[in-house]
Each structure stands twice: as C-alpha cells, then as structure tokens.
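**Student:**
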Amino acid sequence: MHRFSLAGRTALVTGAARGLGRAFAVGLAEAGADLVLVDLPDAPGLARTEAAVRAHGRRAHVHTQDLARTGELSALADRVRADLGGPLHILVNNAGTAALERYNTITPESWQRVMRVNVDAVFFLSQRIAEHMVADGVPGRIITVTSKNALVAEAGLAHYNASKAAAQLLTETLAVELAPHGITANTLAPGMVETPIDGEFPFDREEFEAAYRARIPLGRYADPDECVGALLLLASDAGAYLTGTRLVVDGGVLADQMPRMRFMPPYRNTVPRP
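Under full-length UniProt numbering, the sequence shown has 138 at position 138, and the numbering climbs by one with no breaks.
1. Taking 8 Å as the threshold (C-beta atoms), are valine 122 and histidine 181 in contact?
2. Under three-state DSSP, which class holds leucine 178?
3. Should the region 110 to 126 be called in touch with the region 62 to 70, which here means at least 3 C-beta pairs below 8 Å?
4. So leucine 20 and asparagine 94 are in contact, right, with Cβ under 8 Å, and what is the actual spacing, rounded?
5. If you draw a straight line from the C-alpha of leucine 231 to the C-alpha of leucine 242, how long is it?
6. According to DSSP, is alanine 185 helix, strand or coil?
7. Among Val152, Asp225 and Glu131, which has the Cα closest to the Cα of residue 304?
8. How about leucine 46 and alanine 17: are their beta carbons less than 8 Å apart?
9. Looking at the strands, I want to know which residues DSSP matches up with leucine 37.
10. So, helix, strand or coil for glutamate 154, using DSSP?
11. Which residues share a DSSP beta bridge with asparagine 93?
12. By the three-class DSSP mapping on this structure, what secondary structure does alanine 222 have?
13. Ends of the alpha helix (DSSP H) at valine 53?
14. Please state if the CB of glycine 252 and the CB of isoleucine 216 are separated by a distance shorter than 8 Å.
15. Starting from leucine 233, trace the alpha helix (DSSP H) in both directions and tell me its first and last residue.
16. If you drop the 5 nearest sequence neighbours on each side, which residues of the same chain put their C-beta closer than 6 Å to that of residue 275?
17. The beta strand (DSSP E) that contains leucine 247, what's its start and end?
18. Helix, strand or coil for proline 108? Go by DSSP, reduced to three states.
19. If I follow the unbroken alpha helix (DSSP H) through methionine 133, where does it start and stop?
Written out as structure tokens, the structure is:
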C-alpha cells in the first residue's frame, strides 16, 4: 500500500467545510498528507474539518476565500505557499456551485456566478499553484472535481453542465502543458452523492430523488467516502502515469443507456447447487 501513501506531502482542498470536500480532506489526512483547507469566510463546518484532519495527526492550515473573486486567487496561492514554508504537492479543486433554473430564466448574473466558481477559479488557482509546483520542482497532482454532468446534460442546469464540461477540457489542456514538469492533471466525476444541497427545488424533491435512485444501477446515492479511493489513486504514486483523464464514480449511471432492468423478467441463477 506504499503506492497510495501521501506521507510527507501537503494537499490543498477547496470547498473543504462539508460534503465531498470534508471527505476528501480527511481521506488525504488518513493517507498521510498535511492539509490546506479553503472555503468561504463564513462557511459552517470548516472548523469541524480542521479538527478531523488534526485527529489523524496531520497539520491543517485554514485559509478563507471566496473563489468567485477571481482576481484574488493568485495572491491566495502565494499566501498558502508562504504559510507552508515549503511546497504544495496536491491541489484538489473541489468547490463548486449550481442553480436549478430553466434555460430561459438564467440571468447573466447567475450564469457568471456559476462560471466564476466552477471554471474561472479552477483555472486561475491551478495556474498559480502549478507555477509554484514547477518552481519547487514538485511532481504535483492537480485534481478537479467535475461531475457526470460534464459528460451528459441534465435539464435545469445549463450553466452547471457547461461549466463542468469546460472544466474537463481545461484539465486536459493543463495535463498536456504540465506533463514536461512531471505534474499530472485529472478529473474526478461523481454522480449523485449524499451531501447537503442548498437552494429551492421547484418540484417534489423526495419524489425526484426516489426516481433518480431507481435510475442508478447500484440503486443508491454514493456516500462521500466512496469517492475518496478514486481521489487517492489520482493523488498518489499509484496514479503517477494517469494524466488528462477522468474517473467517473456514478454507480453505473452513464453505463446504462436505457433503464431497462426493471422491465426485464426476474433474475434466475443458473449455477447448480448440490
């Protein structure tokens, strides 16, 4: 298991206060990494994530930042490097935002907010941190959390779908440009995950989620911890030759063109028993 060890390395996770961000931060700490935790200044739960990282005997540096303030991200990267007093080895672009709106009700402000967080912040934070990795001679890892929505559209999420698809191709471009420096860039694309979701739903949410679970071949949403293994592969030496690719963790949704299983005859095992 030494291939998955992150001992002696430091990772930065955006959106670290809850959900996947917290699971990723704790998973990286369990693998031996120290953490830089980034979230909004008023993000509830950031102290809880910090405590969970420290409970694994790892250092936790907290930096608050609104990632939509794109012009401040280069300074954030410089501040993190100065605070660490040493190199950053892993960047996890996890923070994201979405709004459930029909295509003809999306305003320029809503569109720009989603793009600033999901695309602009990913690029400009990766840009500056990659420069530090190059300057430090670090064979770094850049991992951007996208979504199955980067690969297939979903109604009511035109801006979110577009942003995640853009982040995928952006990451592939970084993979090509950073490869000569030994830095990899990949995406992790989760499906539906049991995480807190804010915002209004203009429909019966329970009915929708029951229908969605029935659409998933594994029959359930993922627990955040079930996405950590894929992250550790991309972050560690075990994934050193993976770059410009994506790992989809969706319970089989994208593999199932048509949800026909529920209409098929019941399964009958043909293995003979004594």
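Where is the CB? At the ideal position from N, CA and C, for every residue including glycine. Quick caveat: nothing in here was measured; it's all calculated off a predicted structure.
**Tutor:** Judging by the given coordinates:
1. Cβ distance not < 8 Å, so histidine 181 and valine 122 don't count as in contact.
2. In the structure shown, leucine 178 sits in a helix (DSSP, three-state: H, G or I).
3. The region 110 to 126 is in contact with the region 62 to 70.
4. Correct: roughly 6 Å between the Cβ atoms.
5. Taken atom to atom, the span from the alpha-carbon of leucine 231 to that of leucine 242 is near 12 Å.
6. Alanine 185: strand per DSSP, three-state reduction.
7. No answer is possible for residue 304: the residues shown for the chain start at 1 and end at 274.
8. Yes, they are a contact pair.
9. For leucine 37, the beta-bridge partners assigned by DSSP are Val13 and Val62.
10. Glutamate 154: coil per DSSP, three-state reduction.
11. Asparagine 93 has Thr144 as its beta-bridge partners, per DSSP.
12. Strand.
13. Taken as a continuous stretch (DSSP letters only), the alpha helix (DSSP H) holding valine 53 covers 46 to 55.
14. Going by C-beta atoms, isoleucine 216 is nearer than 8 Å to glycine 252.
15. Going by DSSP, leucine 233 is part of the alpha helix (DSSP H) stretching over 228 to 235.
16. Lying before the first or after the last residue shown, residue 275 is absent from the chain, which here runs from 1 to 274.
17. Where leucine 247 is concerned, the enclosing beta strand (DSSP E) starts and stops at 246 to 249.
18. Shown here, proline 108 sits in a helix according to DSSP, grouped into three states.
19. Counted as a single uninterrupted DSSP element, the alpha helix (DSSP H) harbouring methionine 133 occupies residues 121 to 136.
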